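Working notes, structure below.
Protein chains: 2
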Amino acid sequence: MIKMFYAPHTCSLASHIALEDAGAEYSTVRIDFAANDQRKPEYLAINPKGRVPALVTDNGILTETPAILAFIAHSFPRARLAPLDEPFAFAEVQAFNSYLCSTLHVAHSHRMRGHRWADDPAAIAAMQRKVPESVGSCYELIEDKMLRGPWVMGTTYTICDPYLFTLAQWLEQDGVNPSRLPKVMDHRGRMSQRPEVRKAIADELD
Amino acid sequence: MIKMFYAPHTCSLASHIALEDAGAEYSTVRIDFAANDQRKPEYLAINPKGRVPALVTDNGILTETPAILAFIAHSFPRARLAPLDEPFAFAEVQAFNSYLCSTLHVAHSHRMRGHRWADDPAAIAAMQRKVPESVGSCYELIEDKMLRGPWVMGTTYTICDPYLFTLAQWLEQDGVNPSRLPKVMDHRGRMSQRPEVRKAIADELD
């Protein structure tokens with residue numbers, strides 16, 4: 001059975017929602033970032049990166065949200081969470097999720113995790129100041145060019161949707177003005193009403 | 207026919223090598239970063255992100271290296287560039303490439319592209335100073351935990367190999383000490399001898 005290591009208020013929510021969407025049987029283990037659980041030897045033995053999510057499967061351990069989401073889609077094909085038999089459409093899904101992972105999430109991380117890329121407190125503060133602009137420009141691109149509506153890939157719900165929803169929960173804290181992003185906000189609102197999303201969030205905050 | 211937009215000395219080399227590995231018919235278009243071609247309207251119409259690579263296919267345009275590499279593997283299955291019928295093994299390939307994209311390449315980008323995340327020149331200089339450490343720790347993780355050898359995924363060459371090779375070309379410039387990384391350096395050396403790699407590099411520098 002699948003076991004997912006997660007932390008509340010992190011990107012692991014995307015994989016948690018996808019497990020609900022897939023109708024998977026799974027259990028979860030909470031990692032307490034406040035207690036620095038993610039840097040303890042027990043957890044580094046599971047994920048040497050010291051990050052969440054980590055998915056323990058019958059075949060081994062997986063990390064990286066885009067890979068975990070694709071694995072869930074492949075493992076539960078009846079849930080139709082990705083266009084598995086259409087290489088181009090599947091690659092479009094991967095491209096969207098890759099952008100969230102490597103550009104949007106990275107821009108966001110400069111608000112709270114600037115220490116990854118500089119030691120000087122003044123530099124870390126300078127990074128924080130730019131987050132509204134750098135994260136905002138990602139959302140403008142998503143709004144104007146990427147989010148087809150009503151779901152990310154158009155009429156069909158995919159593994160792009162829980163990932164965008166998860167990151168979009170942080171945009172006000174990142175200083176981004178939501179009034180410029182009607183499609184993103186509409187997407188976030190509709191996602192938040194889905195039973196699978198409500199269950200995943202309730203489980204994490206329990 | 208596939209057409210790839212690339213720039214020399216960028217991560218687009220990974221997709222270029224994979225096209226050679228796949229035996230694909232394709233053409234290339236060089237984007238001149240020195241002339242700021244990537245921000246010109248003609249190119250933004252192809253890739254509104256203003257980055258390379260962009261792959262023009264019969265079905266539409268793809269961006270993001272992990273997605274392009276997976277698309278090439280799916281489109282040319284006889285080249286066996288990924289374990290397409292094994293969801294867990296395929297996800298491991300995606301996880302490795304996602305790590306390169308969102309963590310290693312991002313750490314590297316703080317050397318030359320710090321302006322993406324801060325405006326203050328002192329902050330940008332502080333980011334540059336940390337690159338040897340932040341990039342170096344990525345390579346240590348790859349060396350110690352991820353690169354199975356002789357290829358990234360073990361005995362079978364996959365789309366992870368051209369991507370690691372491409373980024374590993376920059377490690378000395380990033381201030382990383384190669385003597386700590388015998389497996390990474392052995393991989394880079396063997397990759398550089400492959401005819402497909404030599405052809406892709408020669409084409410880009412022609």
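As given, the protein sequences belong to chains A and B, one line each in that order.
Each residue of the first sequence is one higher than the last, beginning at 1 in the working numbering.
Each residue of the second sequence is one higher than the last, beginning at 207 in the working numbering.
Glycine is no exception: its CB is placed at the ideal position from the N, C-alpha and C atoms.
As the structure is a computational prediction, the values presented were derived from the model and not from experiment.
Neighbourhood of Leu250(B) by C-beta distance below 7 Å, restricted to the same chain and skipping five residues each side:
Contacts found: Gly256.
Between which two residues does the beta strand (DSSP E) holding Ile201(A) run?
For Ile201(A), there is no enclosing beta strand (DSSP E); the residue is part of the alpha helix (DSSP H) that begins and ends at 195-205.
Short check: CB of Val106(A) to CB of Gly175(A), under 8 Å?
Judged by their CB atoms, Val106(A) and Gly175(A) are not nearer to each other than the 8 Å cut-off.
Using beta carbons (cut-off 8 Å, strictly below), is Glu92(A) in contact with chain B?
By this cut-off, Glu92(A) is an interface position.
If you count every other CB in all the chains shown that lies within 10 Å of the CB of Gly395(B), and 16 or more means buried, which is it?
exposed
Leu347(B): first and last residue of the uninterrupted alpha helix (DSSP H) it sits in:
327-347
Distance check for Ile252(B) and Pro388(B), CA to CA, integer angstroms please.
About 40 Å.
Look at His222(B) and Ala406(B) and say whether their C-beta atoms are less than 8 Å apart.
Yes; because the gap between Cβ atoms is below 8 Å, this pair is in contact.
Which residues in chain B sit within 8 Å of Leu62(A), going by Cβ to Cβ distance?
Phe294, Ala297, Glu298, Ala301
Just to confirm my understanding: we take Thr166(A), look at its own chain, exclude 5 residues before and 5 after, and list those with CB closer than 8 Å. What are they?
Cys11, Leu13, Ala14, Ile17
Opposing strand residues paired with Phe88(A) [DSSP bridges]
Per DSSP, none; premise fails for Phe88(A).
Give a yes or no on whether the minimum CB-CB distance between Thr155(A) and chain B is below 8 Å.
No, Thr155(A) does not count as interfacial toward chain B.
Can you tell me whether Ile237(B) is helix, strand or coil according to DSSP?
Coil.
Quick one: residues in its chain with C-beta nearer than 7 Å to the C-beta of Pro283(B), no 5 flanking neighbours on either side, listed in chain order?
Leu290
Span of the alpha helix (DSSP H) around Val390(B)
388-398
Which residue comes first and which comes last in the beta strand (DSSP E) that contains Met4(A)?
2-6
Show which residues of chain A have a CB atom less than 8 Å away from the CB atom of Arg354(B).
None at all; the shortest Cβ gap to chain A is about 12 Å.
If you draw a straight line from the alpha carbon of Pro41(A) to that of Pro8(A), how long is it in whole angstroms?
Looking at the backbone, the Cα of Pro41(A) and that of Pro8(A) are separated by about 20 Å.
I need the boundaries of the beta strand (DSSP E) containing Thr269(B), first residue and last residue.
266-269
Tell me which residues of the region 164-195 of chain A have at least one Cβ-Cβ distance to chain C shorter than 7 Å, keeping chain order.
The structure shown contains no chain C; its protein chains are A and B.
What separation, rounded to the nearest whole angstrom, lies between the Cα atoms of Arg292(B) and Ala126(A)?
It should be noted that the sequence gives Glu, not Arg, for residue 292(B). Computed Cα separation, rounded: 45 Å.
Would you check if there are 3 or more beta carbon pairs closer than 8 Å linking the region 358-374 of chain B to the region 266-284 of chain B?
yes
Is Ala202(A) near the ligand NAP - that is, is its Cβ less than 7 Å away from at least one heavy atom of it?
Ligands displayed in this structure: none; no statement on the ligand NAP is therefore possible.
Report yes or no: is there a C-beta of chain B within less than 8 Å of the C-beta of Tyr99(A)?
yes
Please confirm whether Ala123(A) has its beta-carbon closer than 8 Å to some beta-carbon of chain B.
yes
Examine chain B for any beta-carbon lying closer than 8 Å to the beta-carbon of Trp209(A), and answer yes or no.
Summary: the structure shown does not reach residue 209(A), with chain A confined to residues 1 through 206, and so no result is reported for it.
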